[in-house]
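Colleague: Attaching a single structure in structure tokens format; questions to follow.
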Amino acid sequence: MITDFFAAVNERRLDDLGDYLTPDVVDHNKIIFGEPDEPGAAFEGIRMQLDAFDPFHIEVEEVVAEGDRLAARIRMTGTHSGTHPRMPTPTGRSFDVEAIFLVTLREGRISEIRAVSDRLGLFLQLGWDWPQAD
1 MITDFFAAVN ERRLDDLGDY LTPDVVDHNK IIFGEPDEPG AAFEGIRMQL
51 DAFDPFHIEV EEVVAEGDRL AARIRMTGTH SGTHPRMPTP TGRSFDVEAI
101 FLVTLREGRI SEIRAVSDRL GLFLQLGWDW PQAD
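Mapping of the sequence shown onto the numbering used here: position 101 corresponds to residue 101, and the numbering continues sequentially without gaps.
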């Protein structure tokens with residue numbers, strides 16, 4: 001199931017995301033800065049991610065599942081080719097980082113997302129400034 005979800009993202013099949021995510025999916029660590037903070041906002045976050053990075057690819061390297069929870073270790077690669085809230089002017093630079101997704105399933109679809117990724121590596125590879133605290 002999780003590999004099919006990431007395949008839909010890789011293939012930019014945004015209309016198919018409802019097959020994998022519940023309508024009220026909660027993303028506990030926002031996919032992209034600027035994503036709305038409300039249930040179901042992950043759909044918009046994924047769209048924003050794909051708008052900012054093309055090409056963009058997720059490779060599933062490992063999956064561990066128990067009951068209604070699963071963890072996926074993934075590798076994300078891409079190029080900053082579009083507008084991003086943190087860096088509106090595309091840099092044209094590429095990245096290759098690892099992430100861990102922990103998801104909760106409800107009725108066979110993802111209802112909660114928690115993810116940890118190599119943000120420092122991403123920012124360094126793309127040449128972005130590290131965000132400052134207010």
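The beta-carbon is built from N, C-alpha and C at its ideal position, and this holds for glycine as well. All values reported here derive from a predicted model rather than from experimental measurement.
Does the distance from the C-beta atom of Leu-21 to that of Phe-43 stay below 9 angstroms?
Modeller: Stepping through the sequence shown from its first residue, residue 21 is reached at position 21. Stepping through the sequence shown from its first residue, residue 43 is reached at position 43. Result yes, Cβ atoms of Leu-21 and Phe-43 sit closer than 9 angstroms.
Colleague: Nearest CA to the CA of Pro-23: which residue from Arg-119, Glu-107, Leu-126?
Modeller: As a first step, residue 23 must be located in the sequence shown, where it is residue number 23. If we check each option's Cα against that of Pro-23, Glu-107 comes out closest.
Colleague: Closest by CA to Glu-98, which one among Ala-8, Glu-66, Glu-62, Thr-3?
Modeller: Within the sequence shown, the letter at position 98 stands for residue 98. Ranking the options by Cα distance to Glu-98, first place goes to Glu-62.
Colleague: Residue ranges of each beta strand (DSSP E) run of no fewer than 3 residues wholly in the segment 31–100, ordered along the chain?
Modeller: List check, beta strand (DSSP E) in window: 53–66, 69–80.
Colleague: What are the partner residues of Arg-104, as DSSP defines its beta bridges?
Modeller: Position 104 of the sequence shown, counted from the first residue, corresponds to residue 104. At residue 104 the sequence reads Thr, which differs from the Arg that was named. In DSSP, Thr-104 forms a bridge with Arg-69, Glu-112.
Colleague: May I ask you to report which of helix, strand or coil DSSP gives Asp-16?
Modeller: What you label residue 16 is simply residue 16 of the sequence shown in a count that begins at 1. Three-state DSSP puts Asp-16 in a helix.
Colleague: Who does Asp-27 pair with in a DSSP beta bridge?
Modeller: Residue numbering aside, residue 27 sits at position 27 when the sequence shown is read from its first letter. Per DSSP, Ile-113.
Colleague: Taking 9 angstroms as the threshold (C-beta atoms), are Thr-79 and Gly-67 in contact?
Modeller: Along the sequence shown, one-based indexing puts residue 67 at 67. Along the sequence shown, one-based indexing puts residue 79 at 79. The answer is no: Cβ separation not under 9 angstroms.
Colleague: Name the two residues that bound the continuous alpha helix (DSSP H) containing Gly-121.
Modeller: Taking the first residue of the sequence shown as position 1, residue 121 is located at position 121. Residues 119–126.
Colleague: Going by DSSP, what residue range makes up the alpha helix (DSSP H) through Asp-4?
Modeller: Start at 1 with the first residue of the sequence shown, and residue 4 comes out as number 4. Looking at the DSSP string, the run of the alpha helix (DSSP H) that includes Asp-4 is 2–10.
Colleague: Leu-126: buried (16+ other C-beta within 10 angstroms of its C-beta) or exposed?
Modeller: The residue labelled residue 126 in the question sits at position 126 within the sequence shown. Counting Cβ neighbours within 10 Å, Leu-126 comes out buried, since at least 16 surround it.
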